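S.K.: First the structure, then my questions, so here it is.
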Amino acid sequence: MELCQICNNANGSTFALGKCHICDGKVMETAKMVEKAVQLIPKDAVSFSISTTIPKDWQIREEKIWDIQTKKAESIKNILNRTVVAAVKKTTALRYASDGDCRLVFDYGTGQVSIQKNDLFIFGRYKKISSGLSQSRWKCSQCEGKGCGQCAGKGKYYESVEERIGEPIKTATEAREYVMHASGREDVDATNSAGRAFVVEVKEPNKRRMNLEEITKEIGKTGEVEVVDLKVVDRGFVEIVTESHFDKSYQADVEFGRELTGEDGKKIESLIGKTLLQQTPTRVAHRRANLVRHRKIKTIEITNIRKNYATIIVKAEAGTYIKELISGDNGRTKPSIAELLGTSAVCKKLEVTKIEDEFLDFILKGDKRDG
Ligand SMILES: [Zn+2]
Ligand SMILES: [Zn+2]
1 MELCQICNNA NGSTFALGKC HICDGKVMET AKMVEKAVQL IPKDAVSFSI
51 STTIPKDWQI REEKIWDIQT KKAESIKNIL NRTVVAAVKK TTALRYASDG
101 DCRLVFDYGT GQVSIQKNDL FIFGRYKKIS SGLSQSRWKC SQCEGKGCGQ
151 CAGKGKYYES VEERIGEPIK TATEAREYVM HASGREDVDA TNSAGRAFVV
201 EVKEPNKRRM NLEEITKEIG KTGEVEVVDL KVVDRGFVEI VTESHFDKSY
251 QADVEFGREL TGEDGKKIES LIGKTLLQQT PTRVAHRRAN LVRHRKIKTI
301 EITNIRKNYA TIIVKAEAGT YIKELISGDN GRTKPSIAEL LGTSAVCKKL
351 EVTKIEDEFL DFILKGDKRD G
């Protein structure tokens, strides 16, 4: 039995060199394949990863050889991976990274090479200046986005924060698609001056180096959404951002069923440190599981009382339903401001004013990636 040089090296150089029993000489084409592959790498890539596929029958023949020869053997796939990485590094000066800018795919069955543009992840915090935007794209369920009578031909119910942020990024990166992942969300009619953490997943970008300052400006132009702290991060940040829960502060303008007195302020402050029982609000019951959540009020105060209007400033645990803390949602949230005051209370305007997510900055500092 004869093997090619690479396959023989993998098997302790036990065999004669010749027409390869394992690969039929195909692995000896590696240098040529690398030459082709490096031509496909986008100009602004600084790192790469690779994948190799080898035919199943090579593996079967390889394993049979392991049965008959006693020297230390290594799988051809391992050797190829190592050889390819070393060769690409040498010819391009790119850095190898398992989640690199692009993935070079070596198919030894066909002898073909191809390239996959790896997704790009951009972290940031957004401020929602105007109410009336949904956080993620919300397609019209009637026409699935094509445009119909129900959605006035727009194909969607609301404009979204996701589009305001994602479209300029898509343009700058010449990407195919994008998805925004955020740490919680505010209601369509609420605003957010705090800055909510998100990661935009950019699919198949053609450009990976971009001017984040310019993108920040571009997003801010609409006056509806602003972003700060843009930074290229690893894929792992999606989970960090979406799985994190932070205390938040809110400012709510509230209309009451009667004029307020000084006594009412004290009653409201009695909520400090209390844990609310919040049954899933009626308004979201159609898309959330019906259960009772326990959420703690950290601080609460009432200011700017003017007859039957006032401003409530509250800091609460992540996931607290603030509108229901105010209204009581027909007894589904207990205790509530309406219940304590014995009158109706309706949130007219809601703004997220602070999100206690400094934890993310610690992690960002540890992330060595540039960009
Ligand atoms: Zn071979
Ligand atoms: Zn429609």
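Our numbering puts the sequence shown at residues 1 to 371. The beta carbon of each residue, even a glycine, is placed where N, CA and C say it ideally should be. Just so you know, these numbers come straight off a predicted model, no measurement behind them.
#1: Give me the residue from Leu325, Ile165, Glu351 and Leu350 with the minimum Cα distance to Leu340.
#2: Verify the CB distance criterion: does Ser160 have a CB-CB separation below 8 angstroms to chain D?
#3: Run the CB neighbour count on Gln278, radius 10 Å, all protein chains shown included, and call it buried at 16 or more, exposed below.
#4: Pull up the CB-CB distance for Gly328 and Arg295, whole angstroms please, since I reckon it's below 8 angstroms.
#5: Per DSSP, Asn192 forms a beta bridge with which residues?
#6: By DSSP, does Asn211 sit in helix, in strand, or in coil?
#7: Which value, in whole angstroms, describes the spacing of the CA atoms of Val46 and Glu213?
#8: Any contact between the stretch 343-353 and the stretch 268-276? By contact I mean 3 or more CB pairs, one from each, below 8 angstroms.
#9: State the beta-bridge partners of Thr52 as determined by DSSP.
#10: Of the residues Cys20, Val85 and Phe256, which one's Cα is nearest the Cα of Phe48?
#11: Taking 7 angstroms as the cut-off, does the CB of Val27 come closer than this to any heavy atom belonging to ligand 1?
#12: Could you give the distance in angstroms between the alpha-carbon of Arg283 and the alpha-carbon of Thr261?
#13: Just the Cα atoms here: how many angstroms apart are Ser183 and Glu163?
#14: Would you mind sorting Lys315 into buried or exposed? The rule is 16 or more other CB atoms within 10 Å of its CB.
#15: Can you tell me the Cα-Cα spacing of Arg103 and Asp189, whole angstroms?
#16: Around ligand 2, what residues have a beta-carbon under 6 angstroms from a heavy atom of it, in chain order?
#17: Are the stretch 50-63 and the stretch 105-112 touching, with three or more C-beta to C-beta distances below 8 angstroms?
#18: Run the proximity test for Leu80: is its beta-carbon closer than 7 angstroms to any non-hydrogen atom belonging to ligand 1?
#19: Taking 7 angstroms as the line, does the beta carbon of Ile22 fall inside it for any heavy atom of ligand 1?
#20: Go through its chain and collect everything with a Cβ distance to Phe121's Cβ below 8 angstroms, but skip five positions before and after it.
#21: Should Ile22 be labelled buried (16 or more other beta-carbon atoms within 10 Å of its own) or exposed?
#22: Closest to Ser51 by CA distance: which of Ala10, Ile115, Ile41 and Met28 is it?
#23: Suppose contacts are defined by Cβ-Cβ distances below 8 angstroms. Is Thr353 in contact with Tyr250 by that definition?
#24: For ligand 1, any of its heavy atoms closer than 7 angstroms to the Cβ of Ile6?
#25: Since Asp229 and Glu356 are thought to touch, with beta carbons under 8 angstroms apart, how far apart are those beta carbons, to the nearest angstrom?
#26: By the 10 Å Cβ neighbour count, where 16 or more other Cβ atoms means buried, how is Glu159 classified, buried or exposed?
#27: How many angstroms separate the CA atom of Glu2 from the CA atom of Leu94?
#28: Note the first and the last residue of the continuous beta strand (DSSP E) segment covering Met180.
#29: What three-state label does DSSP hand Gln59 in the structure shown?
M.R.: Quick answer:
#1: The sequence position of residue 340 within the sequence shown is 340, counting from 1. The residue with the shortest Cα to Cα distance from Leu340 is Leu325.
#2: In the displayed structure, chain D is absent; only one protein chain is listed.
#3: As a first step, residue 278 is located in the sequence shown; it is residue number 278 there, counting from the start. Buried.
#4: If you number the sequence shown from 1, residue 328 lands on position 328. If you number the sequence shown from 1, residue 295 lands on position 295. Not a contact, Cβ separation roughly 14 angstroms.
#5: Numbered from 1 along the sequence shown, position 192 holds the residue referred to as residue 192. DSSP, once it has assigned bridges, lists Lys128 and Val352 as partnering Asn192.
#6: On the sequence shown, residue 211 is found 211 positions in, with the first residue counted as 1. If DSSP states are grouped into helix, strand and coil, Asn211 belongs with coil.
#7: In the sequence shown, the residue the question calls residue 46 occupies position 46. In the sequence shown, the residue the question calls residue 213 occupies position 213. Cα-Cα distance, rounded: 21 angstroms.
#8: no
#9: Residue 52 sits at position 52 when you count from the first residue of the sequence shown. Beta-bridge pairing links Thr52 to Phe106.
#10: Along the sequence shown, one-based indexing puts residue 48 at 48. Checking every option, the nearest Cα to that of Phe48 belongs to Val85.
#11: Taking the sequence shown and counting its residues from 1, one reaches residue 27 at position 27. Yes, Cβ of Val27 sits closer than 7 angstroms to a heavy atom of ligand 1.
#12: Sequence index remark: in the sequence shown, residue 283 carries index 283 (1-based). Sequence index remark: in the sequence shown, residue 261 carries index 261 (1-based). Between Arg283 and Thr261, the C-alpha separation is close to 30 angstroms.
#13: In the sequence shown, residue 183 corresponds to position 183, counting from 1. In the sequence shown, residue 163 corresponds to position 163, counting from 1. Distance between the alpha carbons of Ser183 and Glu163 is about 17 angstroms.
#14: By one-based count along the sequence shown, residue 315 stands at place 315. So Lys315 ends up on the buried side.
#15: Residue numbering aside, residue 103 sits at position 103 when the sequence shown is read from its first letter. Residue numbering aside, residue 189 sits at position 189 when the sequence shown is read from its first letter. C-alpha separation (whole angstroms): 42 angstroms.
#16: Cys140, Gln142, Cys143, Gly147, Cys148, Gln150, Cys151 and Gly155
#17: yes
#18: Within the sequence shown, residue 80 is the residue found at index 80, counting from 1. No, since every heavy atom of ligand 1 falls outside the 7 angstroms radius drawn around the Cβ of Leu80.
#19: Within the sequence shown, residue 22 is the residue found at index 22, counting from 1. Within the cutoff, so yes.
#20: Residue numbering aside, residue 121 sits at position 121 when the sequence shown is read from its first letter. Cβ within range, chain order: Val199, Val200, Glu201, Val202, Val232, Val233, Asp234, Arg235, Phe237 and Val238.
#21: By one-based count along the sequence shown, residue 22 stands at place 22. The residue in question, Ile22, is buried, as its Cβ has 16 or more Cβ neighbours within 10 Å.
#22: In the sequence shown, residue 51 corresponds to position 51, counting from 1. Of the listed residues, the one whose Cα sits closest to Ser51 is Ile115.
#23: The residue you call residue 353 lines up with position 353 of the sequence shown. The residue you call residue 250 lines up with position 250 of the sequence shown. The answer is yes: Cβ separation under 8 angstroms.
#24: Counted from its first residue, the sequence shown places residue 6 at position 6. Because some heavy atom of ligand 1 lies under 7 angstroms away, the Cβ of Ile6 counts as near it: yes.
#25: Translated into the one-based positions of the sequence shown, residue 229 becomes position 229. Translated into the one-based positions of the sequence shown, residue 356 becomes position 356. With 8 angstroms as the limit, Asp229 and Glu356 do not qualify as a contact, their Cβ atoms being about 15 angstroms apart.
#26: On the sequence shown, residue 159 is found 159 positions in, with the first residue counted as 1. Result: buried.
#27: As a first step, residue 2 must be located in the sequence shown, where it is residue number 2. As a first step, residue 94 must be located in the sequence shown, where it is residue number 94. Their Cα atoms are separated by approximately 36 angstroms.
#28: Position 180 of the sequence shown, counted from the start, is the residue given in the question as residue 180. Start and end: Glu177 to Ala182.
#29: As a first step, residue 59 is located in the sequence shown; it is residue number 59 there, counting from the start. Looking at Gln59 - three-state DSSP - the assignment turns out to be helix.
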